[in-house]
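>
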Amino acid sequence: MPAAATAPSSAADQAAPPLLQVDRLTVRFGPHEVLRDIAIDVAAGETLVILGESGCGKTVLLKSMIGLVRPSGGDVRFEGRSLGRLGDRQLAHLRTRYGFVFQGAALFDSASIADNIAFPLREHTRLSEAEIRPIVESLVDEVGLPRSALAKKPVEVSGGMRKRAGLARALALDPQLILYDEPTTGLDPIMSDVINELILRVRRRPGVTSVVVTHDMHTARKVADRIVMLYPVARLRQDDPQIVFDGTPDRLASSRDPRVRQFVEGRAGSRIDELREEQGLAAAGGRDDGDDTEDSR
Amino acid sequence: MPAPAATAVSPPGIAGWLADRVADLGELAIGWVASIGDVVLFALRTLGWIVARRQRREVLLPSFYQIGVMSLPVVALTGLFIGMVLAVQSYAQFKSLGLETRLGSVINLSLVRELGPVLAATMLAGRVGSAMAAELGTMRVTEQIDALESMGANPIYYLVVPRFLGCLVLIPSLTVMADFMGVLGGYLYSHLVLGIDYHHYWENSRAYVDAFDFLMGISKSFFFGAAIALVSCHHGFHCAPGAEGVGRAATNAFVHSFVLILVLDLFLGIGLNHLHDFIHPDGPRRLL
Chain E
338 MPAAATAPSS AADQAAPPLL QVDRLTVRFG PHEVLRDIAI DVAAGETLVI LGESGCGKTV
398 LLKSMIGLVR PSGGDVRFEG RSLGRLGDRQ LAHLRTRYGF VFQGAALFDS ASIADNIAFP
458 LREHTRLSEA EIRPIVESLV DEVGLPRSAL AKKPVEVSGG MRKRAGLARA LALDPQLILY
518 DEPTTGLDPI MSDVINELIL RVRRRPGVTS VVVTHDMHTA RKVADRIVML YPVARLRQDD
578 PQIVFDGTPD RLASSRDPRV RQFVEGRAGS RIDELREEQG LAAAGGRDDG DDTEDSR
Chain P
241 MPAPAATAVS PPGIAGWLAD RVADLGELAI GWVASIGDVV LFALRTLGWI VARRQRREVL
301 LPSFYQIGVM SLPVVALTGL FIGMVLAVQS YAQFKSLGLE TRLGSVINLS LVRELGPVLA
361 ATMLAGRVGS AMAAELGTMR VTEQIDALES MGANPIYYLV VPRFLGCLVL IPSLTVMADF
421 MGVLGGYLYS HLVLGIDYHH YWENSRAYVD AFDFLMGISK SFFFGAAIAL VSCHHGFHCA
481 PGAEGVGRAA TNAFVHSFVL ILVLDLFLGI GLNHLHDFIH PDGPRRLL
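So, in structure tokens, the structure goes:
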């Protein structure tokens, strides 16, 4: 049963069980630790923005939330059910309650825009083609796509149209939780704002919870009820938490943490020197013992 | 808290060098075993989905068209030339023994038992297998496979099963076409260029080639088709990021399919010869 709470989370309403819980999540790829001990609760109805610089593990965290990336440690729970303990069929069924908007839209190249949007309906419902058609049309209207785009292949439309078609596909099954991976990356400022407006409109659907991964501060300020900022594990000290900020957009603006301030203000600061230093160390490590040659982004 | 990674320290000198080489070999062996296990699990999941859920016509037909119809010209051409090349290569030896009228037997026997199935499968591993690995690899890199999973659809059911069934059904059919074109090519070259008499050519072919030989070749092609589909789809599914990853997946799909075709050909050949001797205990022995 969907959670009843629709208001954004705050310290006061912690009594309501969260829709999604990320509990001490750690993800490693070989020797690389990408996520370390991440703990986030996402309340029903809230819009959570996950911020962070490129390579800090935002997308990996988002994919862990839907079970596309398996955790090396910790757990992700949807309405209290651990994703790791679900069988393939149960997980597939649970995913019908999610919508995922991919960074590059991830539309199927071989299918038309209409077939892409209709895919979840054909897969998970018994609706006839005559019933699916008006649903697809209402979805393209909702995301502002022209109906003439329906017959086109994804390669025949612009990046902004692909993103909107990806959003329409994600909305097809009326999901409870929508995950957006860098929704405005690669778009012009006007189209970026169109996408932001669409995220806000989708948020107004009853019972919709959103998690938006971005490094775009404008998007974060515009759509977030709450912001979590991640920092790359490679640049953390042993005991530092990876989440360097968790709070409202207003509190983010007044944060005194230099790492948060640097990101919010978009300053390179000493980062360029750090990058040079890291490159130098990696090269020296490569000459000495060959163990530290794989480098970080 | 994760324990700090243990650092293996090798003893100095030649013993250390040897220990390192043994460790490298061990790592290689573990990698191979893990890869084989991974392909086997992938194959089992594919077989499981064939049984678990019926394929939709609109998903199946495009794969069948790509694998079967689009491969027809190239397979026919391959078969035709195999037949003609066999005639060219065998004629001199047979003529020196005065057996040129028996050319039909050697051409058709080698063709239906061995060269037709193996060369058709090799051609299809290049044309179909590499294309499947590149297509699925691109889908992996552009997150289309993740998108399928995120919508609660199974990528093996949607992407692998249609290609597997297409290869399983159509590669044997294409082998029949390669055999037919090879028989035709061999006869046309022998008769029109080398002047072998029509009657003797076909009489000798009929005397030495039986239905078992033809079925042996076709039955091998079922295994070749399954191997090409599974190896190529597996490479596509586990494609590394970027254009380089897709290119490598396509190349490895062909190389590994080709090696597997040769290995399967050897063991299936031995097995089927045993079967022949079992079915025809009084006939000419196929095994020593």
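Which chain is which? The protein sequence lines are E and P, in order. Counting in this note's numbering, the first sequence tops out at residue 634, every number present. Counting in this note's numbering, the second sequence tops out at residue 528, every number present. Even for Gly, the Cβ is constructed at its ideal location relative to N, Cα and C. Computed from a predicted structure; not experimentally measured.
(1) Give the secondary structure of E/Thr551 by DSSP, where H, G and I count as helix, E and B as strand, and everything else as coil.
(2) Output yes if chain P places a C-beta closer than 8 Å to the C-beta of E/Thr522; else output no.
(3) Kindly indicate the opening and closing residues of the alpha helix (DSSP H) around P/Tyr398.
(4) Leaving out the 5 sequence neighbours to the left and right, which residues in its chain are closer than 6 Å to P/Ala469 when beta-carbon positions are compared?
(5) Express the C-alpha separation of E/Asp553 and E/Ala605 in angstroms, rounding to a whole number.
(6) Can you tell me where the alpha helix (DSSP H) holding P/Thr286 begins and where it ends?
(7) Taking DSSP as the reference, what is the three-state secondary structure of E/Glu370?
(8) DSSP three-state call for P/Leu310: helix, strand or coil?
(9) For a cutoff of 8 Å on Cβ pairs, would you count E/Cys393 as touching chain P?
(10) Buried or exposed: where does P/Lys335 fall if 16 or more other Cβ atoms within 10 Å of its Cβ makes it buried?
(11) What does P/Met372 reach in chain E if we use C-beta pairs closer than 8 Å?
(12) Tell me whether the beta-carbon of E/Gly316 lies closer than 8 Å to the beta-carbon of E/Ala442.
(13) Considering only the beta carbon of each residue, do P/Ile411 and P/Leu364 sit closer than 8 Å?
(14) Return the chain-ordered list of same chain residues with a C-beta closer than 7 Å to the C-beta of E/His461, the five sequence neighbours on each side being excluded.
(15) Would you mind telling me which residues of chain P sit closer than 7 Å to E/Gly441, beta carbon to beta carbon, in chain order?
(16) Mapping DSSP to helix, strand and coil, what is E/Tyr568?
(17) Would you kindly report the start and end of the unbroken beta strand (DSSP E) that includes P/Leu337?
(18) Let me see if you follow: with CB-CB separation under 8 Å, is P/Val299 close to chain E or not?
(19) Can you give me the start and stop residues for the beta strand (DSSP E) that E/Arg414 sits inside?
(20) Are the beta-carbon atoms of P/Glu383 and E/Phe366 separated by less than 8 Å?
(21) Ignore the nearest five residues each way along the sequence and tell me which others in P/Asp453's own chain have a CB closer than 7 Å to its CB.
(22) In chain C, what lies closer than 7 Å to P/Glu389 by C-beta?
(23) Taking any Cβ of chain E, which residues in the stretch 480 to 499 of chain P have a Cβ under 7 Å from it, in chain order?
(24) Look at the alpha carbon of P/Tyr448 and the alpha carbon of P/Phe282, and state the distance between them as a whole number of angstroms.
(25) Going by DSSP, what residues sit across from E/Arg418 in a beta bridge?
(26) Against chain P, with Cβ distances strictly below 8 Å, would E/Thr433 count as a contact?
(27) Would you list, in sequence order, the uninterrupted alpha helix (DSSP H) runs of no fewer than 4 residues that lie entirely inside the stretch 360 to 399 of chain P?
(28) Suppose the cutoff is 7 Å on Cβ atoms and the five residues either side in sequence are ignored; what does the same chain contact list for E/Ile377 look like?
(29) Would you please verify whether the beta carbon of P/Ala393 is less than 8 Å from any beta carbon of chain E?
(30) Do E/Val550 and E/Asp518 count as a contact pair if the criterion is CB distance below 8 Å?
(31) Based on the DSSP secondary-structure assignment, which residues constitute the bridge partners of E/Tyr517?
(32) How many Å lie between P/Ser311 and P/Ala451 at the Cα?
(33) Just checking: is the beta-carbon of E/Glu460 within a distance shorter than 8 Å of some beta-carbon in chain P?
(34) Under 8 Å between the Cβ atoms of E/Asn533 and E/Pro491?
(35) Are at least three pairs of beta-carbons, each pair with one atom in the stretch 459 to 475 of chain P and one in the stretch 328 to 347 of chain P, less than 8 Å apart?
(36) Using a Cβ-Cβ cut-off of 8 Å, state whether E/Ala349 counts as contacting chain P.
With the structure as the only source:
(1) strand
(2) no
(3) Note, P/Tyr398: premise wrong, no alpha helix (DSSP H); not H, not E.
(4) Arg403, Phe404 and Cys407
(5) 15 Å
(6) Gly253 to Ala292
(7) strand
(8) The residue asked about is misnamed: residue 310 of chain P is Met in this sequence, not Leu. It is helical.
(9) no
(10) exposed
(11) Neighbours of P/Met372 on chain E: none; closest Cβ ~13 Å, over 8 Å.
(12) Past the edges of chain E, shown from 338 to 634, lies residue 316 of chain E, and the structure says nothing about it.
(13) yes
(14) Thr433 and Leu510
(15) Thr382 and Glu383
(16) coil
(17) Here P/Leu337 belongs to no beta strand (DSSP E), and DSSP marks it neither H nor E.
(18) no
(19) Gly410 to Phe415
(20) no
(21) Leu349, Val352 and Arg353
(22) The structure shown contains no chain C; the protein chains it does contain are E and P.
(23) none
(24) 41 Å
(25) E/Phe415
(26) yes
(27) 370 to 381 and 384 to 390
(28) Val359 and Val565
(29) yes
(30) yes
(31) E/Val438 and E/Val549
(32) 26 Å
(33) yes
(34) no
(35) no
(36) Any reading at E/Ala349 is ruled out, since the residue's pLDDT is 45, under 50, leaving its predicted position unreliable.
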